[in-house]
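> Going line by line, the protein sequences match chains A and B. So the first sequence is numbered by this note's numbering: it starts at 567 and just counts up by one. So the second sequence is numbered by this note's numbering: it starts at 14 and just counts up by one. Starting off with a structure, shown below.
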Amino acid sequence: MLNMYLHELKQYRRITMIWIVSLVTTAALYMALYPSFAPQLDAMKKILENYPKVLLDALGVGPNVFLSFAGFYSIIMAYMMLAMSIQAMNLGTGIVAKEEHSHTAEFLLAKPVNRTQVLTAKLLAALTILLITNAFFMAAMWAEINFLADILIAGKIFILMTLTLFIVQLFFLGLGFLVSVTAPKIRSVLSISLSTVFVFYVIGVFDSIIGSKAVRYITPFKFFDNQYIINNGSYEPAFLVVEAVFLAAAFTAAYYFYLKRDIRTT
Amino acid sequence: MNIYLRELKARRKSIIFWSIGLFLMDAASMNKFAGFEKSGQATQVFAAFPKGLARAFGLGNVDINTALGWFAMAFMYLLVLVAIHASLLGAGILAEEEQDKTAEFLYAKPISRAKVVTEKLLAALTLIIILNIVTLLSSISMVAAFNKGVSPTQEILLMMAGMFVVQIIFMVIGSAAAAIVRKPKYAGAAASAIMFATFFLSLWLDITEKLPWLKYFTPFKYFDAKIIANHAKFDYAFIVISIGVIIAMLTMTYVSYNARDLKI
Numbered sequence: 567m568l569n570m571y572l573h574e575l576k577q578y579r580r581i582t583m584i585w586i587v588s589l590v591t592t593a594a595l596y597m598a599l600y601p602s603f604a605p606q607l608d609a610m611k612k613i614l615e616n617y618p619k620v621l622l623d624a625l626g627v628g629p630n631v632f633l634s635f636a637g638f639y640s641i642i643m644a645y646m647m648l649a650m651s652i653q654a655m656n657l658g659t660g661i662v663a664k665e666e667h668s669h670t671a672e673f674l675l676a677k678p679v680n681r682t683q684v685l686t687a688k689l690l691a692a693l694t695i696l697l698i699t700n701a702f703f704m705a706a707m708w709a710e711i712n713f714l715a716d717i718l719i720a721g722k723i724f725i726l727m728t729l730t731l732f733i734v735q736l737f738f739l740g741l742g743f744l745v746s747v748t749a750p751k752i753r754s755v756l757s758i759s760l761s762t763v764f765v766f767y768v769i770g771v772f773d774s775i776i777g778s779k780a781v782r783y784i785t786p787f788k789f790f791d792n793q794y795i796i797n798n799g800s801y802e803p804a805f806l807v808v809e810a811v812f813l814a815a816a817f818t819a820a821y822y823f824y825l826k827r828d829i830r831t832t
Numbered sequence: 014m015n016i017y018l019r020e021l022k023a024r025r026k027s028i029i030f031w032s033i034g035l036f037l038m039d040a041a042s043m044n045k046f047a048g049f050e051k052s053g054q055a056t057q058v059f060a061a062f063p064k065g066l067a068r069a070f071g072l073g074n075v076d077i078n079t080a081l082g083w084f085a086m087a088f089m090y091l092l093v094l095v096a097i098h099a100s101l102l103g104a105g106i107l108a109e110e111e112q113d114k115t116a117e118f119l120y121a122k123p124i125s126r127a128k129v130v131t132e133k134l135l136a137a138l139t140l141i142i143i144l145n146i147v148t149l150l151s152s153i154s155m156v157a158a159f160n161k162g163v164s165p166t167q168e169i170l171l172m173m174a175g176m177f178v179v180q181i182i183f184m185v186i187g188s189a190a191a192a193i194v195r196k197p198k199y200a201g202a203a204a205s206a207i208m209f210a211t212f213f214l215s216l217w218l219d220i221t222e223k224l225p226w227l228k229y230f231t232p233f234k235y236f237d238a239k240i241i242a243n244h245a246k247f248d249y250a251f252i253v254i255s256i257g258v259i260i261a262m263l264t265m266t267y268v269s270y271n272a273r274d275l276k277i
């Protein structure tokens, strides 16, 4: 099992490095906009004072949240979440499915290992890859925050907000595993992962503009409300439960179906 | 001609799937508009936003209280979807022969590589046109449905014309990637990496007013739906740039693919 685990890590080494570099660069570029953004925020503060606080909170633009660096950071997190979800979904779908479409499944499954071990090794490798990505990302963001002057954000809030990326990635990793063991034939991993992630993303975008509540249980992009995190210094328990239930169901189903799967050998 | 027909047939299911997806996306986003219209007070707050902030929300200087304004905002997301489709199609249609190990079979036939590429690209173009027409029809009907039956057809036609050019750009970027990238399985990844890089660049340009000339590097900025919604025209400079990009990518596709050491 260790061999399979290490093999996967090696296989994904280059692509993970590319992901880390591009994620960090993109986020850093967005973050570099903050100094020019800050004066606009002060002007905005005066305008927002004229509106009822309840309304502003409902829109997610409460003054103490939206107009702080934490608020700006949460916009960046929303974009990064999109990109990193693609990484996770791609990884989850590809790591299992690639054995079939590159015709290596016969080779792998003929080895003296059972399918549970195969799937576990792949799952652990995927988790490791995501952990490494997030560790690098968080370190780089913290470094840039300390490098740019005049930025105030509590360490705890920073960690909580950045960690949402990892939790959302887990959701898409689970979804990817589920898709790869149930889909009869996967022609292109990329088109599945790109379109799935993007559909979830767009559902979230439109509903946050009109402030819909129900949709928050459907799309992981809305599991975490940055305003809530900033005000309370914690996540909303209900959505952690939703995530946990989904992950448990997805991975249980993934093992169940993979053990029974009729592996394509042609 | 055979290759052209074969490609269309092979992608029949996928194009139906994409068409349904785009129709649903169109319907869902306009349906949201109905919900948004009701919560009147919310719009006042967005109206008070300074430009940079409003743009960070994807609103820009467009009036999202009108069905057309809302559609202009939603257009960006339709655009990304068709761009994903076009990039993967352009890359896949060339790269799959090598990936599926059918390249030896195909290129052993008495047919030149250039002819294969031409037929494949024509098939891809046909699929792109189909997807564009589906989006056009669903957009016109959806906007009309939420605009008391009146459809701003002219603006939507212009947006879809812009969308078509963007689709072609990403398709030829995809085919150029398939011709250049050494390992065929990375062709789609390379094309979609370019697509997402330009998408994030355009989001970045939405927030800031610095470095405005960067907009020439992202096709997502070439046909700005918000400007079309307001003025019913687009910037012709971008059409010239688009044609330039398309010709460059096509040349690259043919030249590199002709010289390509096919992976067998």
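Even glycine gets a Cβ: it sits at the ideal position worked out from N, Cα and C. Keep in mind that this is a model prediction, so the values were computed, not measured.
Quick check on the DSSP output: the alpha helix (DSSP H) that includes B/PRO225 runs from which residue to which?
Position 212 of the second sequence, counting from 1, holds the residue named residue 225 of chain B. Run containing B/PRO225: none; DSSP gives neither H nor E here.
> Given this structure, state the Cα-to-Cα distance separating A/LEU599 from B/GLY34, to the nearest angstrom.
Start at 1 with the first residue of the first sequence, and residue 599 of chain A comes out as number 33. Start at 1 with the first residue of the second sequence, and residue 34 of chain B comes out as number 21. So the two alpha carbons sit approximately 35 Å from each other.
> Using 8 Å as the Cβ pair cut-off and three pairs as the minimum, do the stretch 187-205 of chain B and the stretch 165-175 of chain B touch?
With a cut-off of 8 Å, the stretch 165-175 of chain B and the stretch 187-205 of chain B do not count as touching, because too few Cβ pairs lie within range.
> Among B/ALA104, B/GLY82, B/PHE236 and B/PHE88, which residue has its Cα nearest to the Cα of B/ASN160?
Taking the first residue of the second sequence as 1, we reach residue 160 of chain B at position 147. Ranking B/ALA104, B/GLY82, B/PHE236 and B/PHE88 by Cα distance to B/ASN160 puts B/GLY82 first.
> Assuming A/ILE769 contacts A/THR785 (C-beta within less than 8 Å), just tell me the rounded distance between them.
Translated into the one-based positions of the first sequence, residue 769 of chain A becomes position 203. Translated into the one-based positions of the first sequence, residue 785 of chain A becomes position 219. Their Cβ separation, rounded to whole angstroms, is 5 Å, which keeps A/ILE769 and A/THR785 in contact under 8 Å.
> Is A/PHE638 near A/PHE603, with beta carbons less than 9 Å apart?
Here residue 638 of chain A corresponds to residue number 72 of the first sequence, with the count starting at 1. Here residue 603 of chain A corresponds to residue number 37 of the first sequence, with the count starting at 1. Yes, the Cβ-Cβ distance between A/PHE638 and A/PHE603 is below 9 Å.
> Using DSSP with H/G/I as helix, E/B as strand and the rest coil, what is A/SER754?
As a position in the first sequence, residue 754 of chain A is number 188, starting the count at 1. DSSP places A/SER754 in coil when its eight states are reduced to three.
> Excluding sequence positions up to five away, which residues of its chain have a Cβ less than 7 Å from the Cβ of B/ILE153?
Your numbering for residue 153 of chain B matches position 140 in the second sequence. Result list for B/ILE153: SER164, THR166 and ILE169, in chain order.
> Just tell me which of A/ASP828, A/ILE584, A/GLN793 and A/PHE805 has its CA closest to the CA of A/TYR783.
Taking the first sequence and counting its residues from 1, the one referred to as residue 783 of chain A is at position 217. Minimum Cα distance to A/TYR783 is reached at A/PHE805.
> How would you call A/ILE641, buried or exposed, if buried means at least 16 neighbouring beta carbons within 10 angstroms?
As a first step, residue 641 of chain A is located in the first sequence; it is residue number 75 there, counting from the start. That one is buried.
> Can you list, in chain order, the residues of its chain whose CB lies under 7 Å from that of B/ALA242, leaving out five sequence neighbours each side?
Stepping through the second sequence from its first residue, residue 242 of chain B is reached at position 229. Within the same chain, B/ALA242 has close Cβ partners VAL75, LEU81, GLY82, ALA85 and GLU168.
> Show which residues of chain A have a CB atom less than 9 Å away from the CB atom of B/PHE233.
Position 220 of the second sequence, counted from the start, is the residue given in the question as residue 233 of chain B. Here the premise fails: no neighbours, minimum Cβ distance about 14 Å.
> Give me the chain A residues within the contact set of B/LEU97, using Cβ-Cβ distance strictly less than 9 Å, ordered along the chain.
Against the second sequence, residue 97 of chain B aligns to sequence position 84. Here residue 97 of chain B turns out to be Ile, not Leu, going by the sequence shown. In chain order: LEU756, SER757, LEU760, SER761 and PHE764.
> Just how far apart, CA to CA, sit A/MET727 and B/ILE97?
The residue given as residue 727 of chain A occupies position 161 in the first sequence. The residue given as residue 97 of chain B occupies position 84 in the second sequence. Cα to Cα, A/MET727 sits roughly 29 Å from B/ILE97.
> Are at least three pairs of beta-carbons, each pair with one atom in the stretch 100-116 of chain B and one in the stretch 809-827 of chain A, less than 8 Å apart?
no
> 9 Å is my cut-off, CB to CB: does A/SER602 come that close to chain B?
Here residue 602 of chain A refers to the residue found at position 36 of the first sequence. Chain B contact via Cβ: present.
> How many Å lie between A/ASN569 and B/ALA200 at the Cα?
By one-based count along the first sequence, residue 569 of chain A stands at place 3. By one-based count along the second sequence, residue 200 of chain B stands at place 187. Approximately 29 Å, taken between the alpha carbons.
> Does the Cβ of A/GLY658 have 16 or more other Cβ atoms within 10 Å, making it buried, or fewer, making it exposed?
Stepping through the first sequence from its first residue, residue 658 of chain A is reached at position 92. Per the 10 Å Cβ criterion, buried.
> Among B/ILE186, B/ALA261 and B/ILE260, which residue has its Cα nearest to the Cα of B/ALA99?
Here the question's residue 99 of chain B lines up with position 86 in the second sequence. Residue B/ILE186 is the option with its Cα nearest to B/ALA99.
> Mind checking which residues open and close the alpha helix (DSSP H) that includes A/ALA706?
By 1-based counting over the first sequence, the position of residue 706 of chain A is 140. Per DSSP, A/ALA706 belongs to the alpha helix (DSSP H) from 681-713.
> Taking the alpha carbon of B/ASN271 as the reference point, which residue from B/GLU110, B/ALA202, B/SER125 and B/LYS246 has its own alpha carbon closest?
Taking the first residue of the second sequence as 1, we reach residue 271 of chain B at position 258. Answer by Cα proximity: B/SER125.
> What residues of chain A sit near B/SER205, judged by a beta carbon separation below 8 Å?
The count along the second sequence starts at 1 and reaches residue 205 of chain B at position 192. Under the 8 Å cutoff, chain A gives LEU756 and LEU760.
> Please determine if the stretch 695-703 of chain A and the stretch 586-596 of chain A are in contact, where contact requires at least 3 C-beta pairs separated by less than 8 Å.
With a cut-off of 8 Å, the stretch 586-596 of chain A and the stretch 695-703 of chain A count as touching, because enough Cβ pairs lie within range.
> With a 10 Å radius around its C-beta and 16 neighbouring C-beta atoms as the bar for buried, classify B/SER151 as buried or exposed.
Taking the second sequence and counting its residues from 1, one reaches residue 151 of chain B at position 138. With 16 or more Cβ atoms within 10 Å of its Cβ, B/SER151 is classed as buried.
> In the structure shown, what three-state DSSP assignment does A/TYR801 receive?
Taking the first sequence and counting its residues from 1, one reaches residue 801 of chain A at position 235. Three-state DSSP puts A/TYR801 in coil, outside helix and strand.
> What does B/GLY105 reach in chain A if we use C-beta pairs closer than 7 Å?
Residue mapping note: residue 105 of chain B aligns to position 92 of the second sequence, counting from 1. What B/GLY105 touches in chain A: SER754.
> Can you check which of these residues, A/VAL662, A/GLU710 and A/VAL781, is closest to A/TYR596 by C-alpha distance?
Taking the first residue of the first sequence as position 1, residue 596 of chain A is located at position 30. The option with the nearest alpha carbon to A/TYR596 is A/GLU710.
> Would A/TYR734 pass as a contact of A/ASN656 if the rule is Cβ separation under 9 Å?
As a working mapping, residue 734 of chain A is identified with position 168 in the first sequence. As a working mapping, residue 656 of chain A is identified with position 90 in the first sequence. It should be pointed out that residue 734 of chain A corresponds to Val in this sequence rather than to Tyr. Not a contact, by the Cβ cut-off of 9 Å.
> Quick check: B/VAL93 and B/GLN180, are their CB atoms within less than 9 Å of each other?
Reading the second sequence from its first residue, position 80 is the one you call residue 93 of chain B. Reading the second sequence from its first residue, position 167 is the one you call residue 180 of chain B. Cβ distance not < 9 Å, so B/VAL93 and B/GLN180 don't count as in contact.
> Tell me whether B/ALA272 sits in a helix, a strand or coil according to DSSP, three-state version.
Residue mapping note: residue 272 of chain B aligns to position 259 of the second sequence, counting from 1. Reduced to three states, the DSSP call for B/ALA272 is coil.
> Rounded C-beta distance between B/THR231 and B/SER215? I'm assuming under 8 Å.
If you number the second sequence from 1, residue 231 of chain B lands on position 218. If you number the second sequence from 1, residue 215 of chain B lands on position 202. Their Cβ separation, rounded to whole angstroms, is 5 Å, which keeps B/THR231 and B/SER215 in contact under 8 Å.
> I'd like to check one pair, A/LEU729 with A/VAL652: are the Cβ atoms closer than 9 Å?
The residue you call residue 652 of chain A lines up with position 86 of the first sequence. The residue you call residue 729 of chain A lines up with position 163 of the first sequence. A small fix is needed here, since residue 652 of chain A is Ile in this sequence, not Val. Not in contact: A/ILE652 and A/LEU729 (Cβ atoms no closer than 9 Å).
> Could you say which of B/ALA245, B/MET14 and B/MET184 lies nearest to B/LEU101 if we only look at CA atoms?
In the second sequence, the residue the question calls residue 101 of chain B occupies position 88. Checked all of B/ALA245, B/MET14 and B/MET184; the closest Cα to B/LEU101 is B/MET184.
> Please list, in chain order, the chain B residues whose beta carbon lies closer than 8 Å to that of A/ALA701.
As a position in the first sequence, residue 701 of chain A is number 135, starting the count at 1. Those within 8 Å of A/ALA701 in chain B number zero; the least Cβ separation is about 22 Å.
> Does the Cβ of B/ILE220 have 16 or more other Cβ atoms within 10 Å, making it buried, or fewer, making it exposed?
Reading the second sequence from its first residue, position 207 is the one you call residue 220 of chain B. Buried, by the Cβ-count rule.
> Looking only at its chain, what residues have a beta carbon closer than 8 Å to the beta carbon of A/VAL808, apart from the 5 residues adjacent to it on each side?
Sequence index remark: in the first sequence, residue 808 of chain A carries index 242 (1-based). Only TYR783 and PHE789 meet the Cβ criterion.
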